[in-house]
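This report concerns only the one structure given below.
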Amino acid sequence: MAKKNYPKIGIRPIIDGRRKGIRESLEETTMNMALNVAAFYRKALCYPDGSPVECVIADTCIGGVKEAADCAEKFERENVGLSLSVTPCWCYGSETIDMNPLIPKAIWGFNGTERPGAVYLAAALAAHNQFGLPTFGIYGRDVQDIGDMTIPEDVQEKLLRFARAGLAVAMMRGKSYLAIGSVSMGIAGSIVNPDFLREYLGIRAEYVDCSEILRRIQQEIYDKEEFEKAMEWTRKNCMVNEGEDFNKEPVRSSREQKDKDWEFVVKMTLIIRDLMTGNEKLKEMGFGEEANGHNAIAGGFQGQRQWTDFLPDGDFAEAILNSSFDWNGIREPFVVATEDDHLNGISMLFNKLLTNTSQMFADVRTYWSPAAIERVTGWKPEGMLKDGAIHLINSGSCTLDGSGQQSDENGNPVIKPFWEITEEEVDKMLKATGWYPANLEYMRGGGYSSKFLTREGMPVTMCRLNIIRGLSPVLQIAEGWTARFPDHVFDAIDRRTDKTWPSTFFVPRITGKGRFKDVYSVMNYWGSNHGAISYGHIGADLISLASMLSIPVCMHNVDEEDIFRPSAWAAHGADPEFSDYRACNTYGPLYG
């Protein structure tokens, strides 16, 4: 398989251009600063395939406009997607800054007294802001000595936050979102908005009718050898965990039909993947056009209702594709949105690009108050559940990674990047997941829904994009933890909804005010019926990413000291939320 050409981080060593003493005395220190940051990035960050990020450094230190132009030309050749300027000294602001309006930018001005790197930082940021080029400023809290190559922890945190968000912006540019089908059940998020995708994210909207899946099944446009391999794996790992059929006898499918459904949903999985990213095997079979795929970094499948009223649902395909493994082994997870809710799919994509981990898709279904829990189950909530919880549940399409069966060195539940997952953990995820015949009241065409209960104690972040007419897209963020009820309590709750679906109980971090006054308020103010859930508390990274895309954040519970946005945001008002809205309105969509 050809190596992916991921965008690189460009590093610009900026220097005082006055020769005959000043520049010469700073050349080594300035270039070493750039080399040191590049080494730090390569060690700390990975691309979605697990390879270390690549950095491109300007051929020379930049002391004036000619060297800035030479650097820009090199960055264009080398597929640089974001730029970081570093300097230990005073330099000439507007003559040396990065003028590319399409890539995220940051400046690290060294906090030292021998040479005023912080003065350049302030002057260069002022130039960026005056020219309408939002730029992040990085300035260490403590004074360092000139030549000190240590990167302080507070600087490291901002360097990483900028790079993670900037790489996400760059990796989305030029890709596609593949919408398979049309609007599902009137869900607004599945009204795929090409203007939003193109103007804010640089993503092309691609559309394929659901009938293309049926055509490829009927005309056998899939890798038959891989299908046999996939079926063998599915029999061994999924069909053995087939759950009880709760459908009533008159409509219950026969064993023969259920076996056919298994084959059908496995073929669906192969075909949706091929539609998204292509498959060279199809070219060998004589299907050159189909082999290309749609260059999709994310996608969604409509399913309900026109498809699921007479054909097996997409739950198995979506769950397996969103997971970090399949019959070909442990691999990078895909992003596939249930019901083609592209706004939740893009929210999942944001999370994935920031963490390199598999993402959960769920309905934000029910707020269970302490009083309701006690009334229904007889159990008085305690511990993490004392203030209630939000039940996240959907019809079996959630990644199996969401079961929480991966562990860190201390045995705590986690979701890892795929290259850290072991075969033993894959086996645990498969064994923790049942596959239940679909509820034929909902899915008349049959299929299978995954069923698991997420382990408690995982730090997670739920986010969601919504489009508000007359305003813009907005982003909601809620950090918290997964929780778990005692078995008898969960059984009582589970019986009140569809007991064939996977469940995650989410307890957001409460602040006692505003949208996070209590758990109820988080549920009450959530802007849609779906949420994208990532392992880890990544709200600060999401806020930085949103600012790069001029998407205001309308709801979050991230500490104010952790918020990192371009310096121009401070000029738009003293209140962080107010200034965010004003700045996003000032700059508008990145590609608009």
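Just so we're aligned: the sequence shown equals residues 3 to 594 in our numbering. Even for Gly, the Cβ is constructed at its ideal location relative to N, Cα and C.
Secondary structure remark: continuous alpha helix (DSSP H) runs of at least 4 residues inside the segment 424–457, in chain order: 425–433.
In the three-state reduction of the DSSP assignment, tryptophan 528 falls in the coil class, being assigned neither a helical nor a strand state.
In terms of Cβ geometry, arginine 218 and tyrosine 224 form a close pair [threshold 8 Å].
Looking at the backbone, the Cα of glutamate 251 and that of arginine 498 are separated by about 21 Å.
Taking the Cα positions, serine 409 is about 10 Å away from methionine 460.
Glutamate 411 carries a coil assignment under DSSP once its states are collapsed to helix, strand and coil. Three or more Cβ pairs closer than 8 Å define a contact, and the segment 168–181 meets that threshold against the segment 196–213.
Shown here, tryptophan 483 sits in a strand according to DSSP, grouped into three states. The way I'd put it, the segment 524–537 does touch the segment 347–357; three or more beta-carbon pairs between them come closer than 8 Å.
Annotation: phenylalanine 112 is outside any beta strand (DSSP E) and is labelled neither H nor E by DSSP. Assignment of beta strand (DSSP E) within the segment 360–387, counting only whole runs of 3 or more residues, yields 362–370 in chain order.
Taking the Cβ atoms as the reference, isoleucine 59 lies roughly 7 Å from leucine 37, within the contact range of under 8 Å.
For the 8 Å CB-CB criterion, isoleucine 182 and glutamine 306 do not form a contact. By the neighbour-count criterion, in which a residue is buried when 16 or more other Cβ atoms sit within 10 angstroms of its Cβ, threonine 513 is exposed. For methionine 187, same chain residues with a beta-carbon under 6 Å away, outside a window of 5 residues either side, are Gln306 in chain order.
Considered as a whole, the segment 548–576 harbours 555–557 as its complete beta strand (DSSP E) runs of no fewer than 3 residues, in chain order.
Annotation for alanine 298: the continuous beta strand (DSSP E) segment containing it runs 298–303. In the structure shown, leucine 86 falls within a strand segment according to DSSP collapsed to helix, strand and coil. Valine 337 has its alpha-carbon roughly 25 Å from the corresponding atom of phenylalanine 289.
Judged by DSSP in its simplified three-state form, lysine 10 adopts strand. With contacts defined as CB atoms closer than 8 Å, glutamate 425 and glutamine 407 fail to qualify as a contacting pair. Residue state for arginine 466 is assigned as strand, using DSSP reduced to three classes. Fewer than three Cβ pairs drawn from the segment 25–39 and the segment 324–342 lie within less than 8 Å of each other, which leaves the two stretches out of contact. Annotation: threonine 279 to alanine 190 spans about 26 Å, alpha carbon to alpha carbon. Boundaries of the beta strand (DSSP E) harbouring phenylalanine 507: 505–510, taken from the DSSP string. Annotation for glycine 575: Ser581, Arg584 place their beta carbon closer than 7 Å to its own, counting only its chain and skipping 5 residues before and after. Lysine 226 and serine 360 have their C-alpha atoms some 27 Å from each other. Partner residues in a beta bridge of aspartate 150, as assigned by DSSP, do not exist. Looking at the DSSP output, threonine 513 bridges to nothing. Non-local beta-carbon contacts of lysine 418 in its own chain, meaning distances under 6 Å to residues more than five positions away in sequence, involve Gln408 in chain order. Under the three-state reduction of DSSP, arginine 25 is assigned to helix. Annotated three-state conformation of cysteine 73 is helix, per DSSP. Annotation: the continuous beta strand (DSSP E) that includes histidine 393 extends over 391–395. Looking from the CA of arginine 486, the closest CA among Pro504, Phe566, Met101 belongs to Pro504. Taking all protein chains shown into account, aspartate 100 has 16 or more neighbouring C-beta atoms within 10 Å of its C-beta and is therefore buried. Here phenylalanine 198 is not near isoleucine 545, since their CB atoms are 8 Å or more apart.
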